[in-house]
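Residue numbers (full-length UniProt numbering): 1 to 587.
Glycine included, every Cβ here is placed at the ideal spot set by N, Cα and C.
This one's a predicted model, so the numbers in the text were calculated from it and none came from an experiment.
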Ligand SMILES: Nc1ncnc2c1ncn2[C@@H]1O[C@H](COP(=O)(O)OP(=O)(O)OP(=O)(O)O)[C@@H](O)[C@H]1O
């Protein structure tokens, strides 16, 4: 049996279980053959005696049919188990790979395509491995065994059945060619549709707010129509081939039975053998007929496998080098960027250009600059979400300088905590969200302290179940500022020596922001903190300020030094004072 290269790894993985399913299928066929012979013997005895029921053969036939039903149930259970086990392992592998591709990975079809592959794609593959493949095995093994049984009774009859059976692989081949290409087309249409739906759901407030739902709805309707057309085209292919296979089965079964009747009339076969031929021929075609109902699962599984394999074949841009070794860290590390340049894939110009800066250990460093200056990109390099095109990002410890690429990625993740501009709360309780990245030995007191420092505690009283309240996708919606506070607590409880805050308090009121800013400051030197904020009051107390402009370092130093120098920082401070109506925002 030729197995498509795209599904070969999954079929290989399921091979022992598939062999078990095939063995059960063969046993079921054996029971069928036995029942057919018993029925034929009973039939012959009834016709040749005065009509008394032959209890022995009839009891044997009923028992064998019961055994067959039991074996078929076992076969279905085995097939279901195979499919679910394979689907679970692919899902896990795919999910791990999607996570390994990292936050900076660009999905050509949008993130929805990854979601679709992980959910629907794996489901189709489950159908392929769990239903289609065992059925293909049954469609080969069962007719082969039954044809041998028929051949022993009447070779000419067996040949008629073989002729009918041979039409089915032909129809299968035609369907595979026609439907295989269309299934891929259907998958692409589905992918576009799913991307559009997920986009619309994510932007539901924007669409409603701008009254643009109708316009977007029209685009969605067009995608839905493409999807419908692709589905209809596939169904038409299936229906045409269904007609071919049904005709082949009907002609094969009736042709073989008529020939058997003729041979019985000539005295070459017993009367009961006509019944035997009818049973065996019908049984021979049954798995082929069943296979037809799994063609869709098979061909859609193939298309899904191609899409899943494309994701699995995509190499993560950031990986752990083969010779990476973890380093011992005695205290908070410093960071040094040397001649770092970075251009996003497909972008026309570099987001960072020959940057060389130092982030002192155990201090708070502010990254400031106009929108699009490259601040977030710089933190992505510090956290190793991306690697520089040129230059190096170095972790500075008591032992010396270590290029981040020489450390295990897990260590880089372990030593850094972050709160990014887009806070995502996972589906779960507030406490679970705070504990998301906490060390396993983090005590309840530590979690409570982090929630107090990030000002989560004051609003917990307003939640129905306090820290056990359900938030995230399926739970209560928190305000932007509340979400930021949970994210800050999550980062604080991580005990990471490097903390990166990208506009982490932008949604907070002045009082809460001031309290949190004080709490996360690297006042005691136990943590290196990098803060990005447009509101300069947030970073006014930083030990070190780096001003970026158009992907370059414009200046760096302490806030006081830079203000005295009268450069870009001083201009930003002046502009903000005017915007704040002359209020003294810097002390
Ligand atoms: N994924 C991306 N693909 C292509 N270009 C990007 C990507 N992310 C950022 N950029 C571009 O890189 C430049 C720097 O972006 P970055 O987000 O680092 O700026 P920023 O200083 O953090 O801006 P802001 O203050 O508005 O958040 C911008 O021109 C931006 O358009």
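Count the other C-beta atoms from every protein chain shown that fall within 10 angstroms of the C-beta of residue i, then say buried if there are 16 or more, exposed otherwise.
i           : result
residue 7   : buried
residue 472 : buried
residue 569 : buried
residue 236 : exposed
residue 182 : buried
residue 204 : exposed
residue 93  : exposed
residue 571 : exposed
residue 458 : exposed
residue 121 : buried
residue 39  : buried
residue 587 : The predicted model places residue 587 with a pLDDT of 41, which falls under 50 and marks its position as unreliable, so this point remains unresolved.
residue 467 : buried
residue 87  : buried
residue 441 : exposed
residue 386 : buried
residue 154 : buried
residue 579 : exposed
residue 450 : buried
residue 201 : exposed
residue 210 : exposed
residue 456 : buried
residue 494 : buried
residue 563 : buried
residue 148 : exposed
residue 328 : exposed
Write down the C-beta distance between residue i and residue j rounded to the nearest angstrom, noting that I regard them as a contact closer than 8 Å.
i           : j           : result
residue 406 : residue 333 : 14 Å between Cβ atoms; not a contact.
residue 44  : residue 306 : Not really, about 54 Å apart at Cβ, beyond 8 Å.
residue 416 : residue 383 : 5 Å
residue 102 : residue 316 : 6 Å
residue 137 : residue 18  : 6 Å
residue 275 : residue 190 : That belief does not hold up - the Cβ atoms of residue 275 and residue 190 are roughly 48 Å apart, past 8 Å.
residue 28  : residue 71  : 4 Å
residue 104 : residue 380 : 6 Å
residue 360 : residue 544 : 6 Å
residue 3   : residue 75  : 20 Å between Cβ atoms; not a contact.
residue 112 : residue 198 : 4 Å
residue 118 : residue 95  : 6 Å
residue 425 : residue 483 : 6 Å
residue 166 : residue 193 : About 40 Å separates the two Cβ atoms, so there is no contact after all.
residue 352 : residue 377 : 6 Å
residue 108 : residue 21  : Contact doesn't hold; Cβ gap of about 37 Å is too wide.
residue 474 : residue 427 : 5 Å
Per DSSP, which one or two residues make a beta bridge with residue i?
i           : result
residue 470 : 429
residue 528 : 498
residue 397 : 400
residue 338 : 392
residue 552 : 549
residue 355 : 340
residue 367 : 532 and 546
residue 476 : 471
residue 418 : 500
residue 610 : Lying before the first or after the last residue shown, residue 610 is absent from the chain, which here runs from 1 to 587.
Check: Going along the chain, which residues put their C-beta within less than 5 Å of some heavy atom in ligand 1?
Finding: Any heavy atom of ligand 1 counts here; residues with a Cβ closer than 5 Å to one of them, in chain order, are 344, 347, 351, 371, 372, 373, 374, 375, 376 and 377.
Next item on the list: Decide if the segment 336-347 is in contact with the segment 158-173; the criterion is three or more beta carbon pairs, one per stretch, under 8 Å apart.
Entry: At 8 Å Cβ cutoff, the stretches do not touch.
Check: Is the segment 362-379 in contact with the segment 524-533, if contact means three or more CB pairs nearer than 8 Å?
Finding: Put simply, the segment 362-379 touches the segment 524-533. At least three CB pairs are less than 8 Å apart.
Margin query: Within 8 Å, do at least three Cβ pairs link the segment 243-256 to the segment 275-283?
Written below: When Cβ pairs closer than 8 Å are counted between the two stretches, the segment 275-283 is seen to touch the segment 243-256, the count reaching three or more.
Notebook entry, point to check: Given 8 Å as the limit, is there contact between the segment 30-39 and the segment 53-73, that is, 3 or more CB pairs closer than that?
Noted result: Touching, yes.
Check: Does the count of Cβ pairs from the segment 485-496 and the segment 433-444 closer than 8 Å reach three?
Finding: Yes, the segment 485-496 is in contact with the segment 433-444.
Note to self: Using 8 Å as the cut-off, can you tell me whether the segment 173-188 makes contact with the segment 220-235, which would need three or more C-beta pairs spanning the two stretches below that distance?
What the structure shows: Yes: the two stretches touch, three or more of their Cβ pairs being nearer than 8 Å.
Check: Do the segment 238-245 and the segment 201-221 touch if we need at least three Cβ pairs shorter than 8 Å?
Finding: In short, these stretches do not touch, since the Cβ pair count stays below three.
Next item on the list: Pair every Cβ in the segment 499-517 with every Cβ in the segment 317-330, then say whether three or more of these pairs are closer than 8 Å.
Entry: In short, these stretches do not touch, since the Cβ pair count stays below three.
Margin query: Taking 8 Å as the cut-off, does the segment 512-524 touch the segment 348-356 (at least 3 CB pairs, one atom from each stretch)?
Written below: No, the segment 348-356 is not in contact with the segment 512-524.
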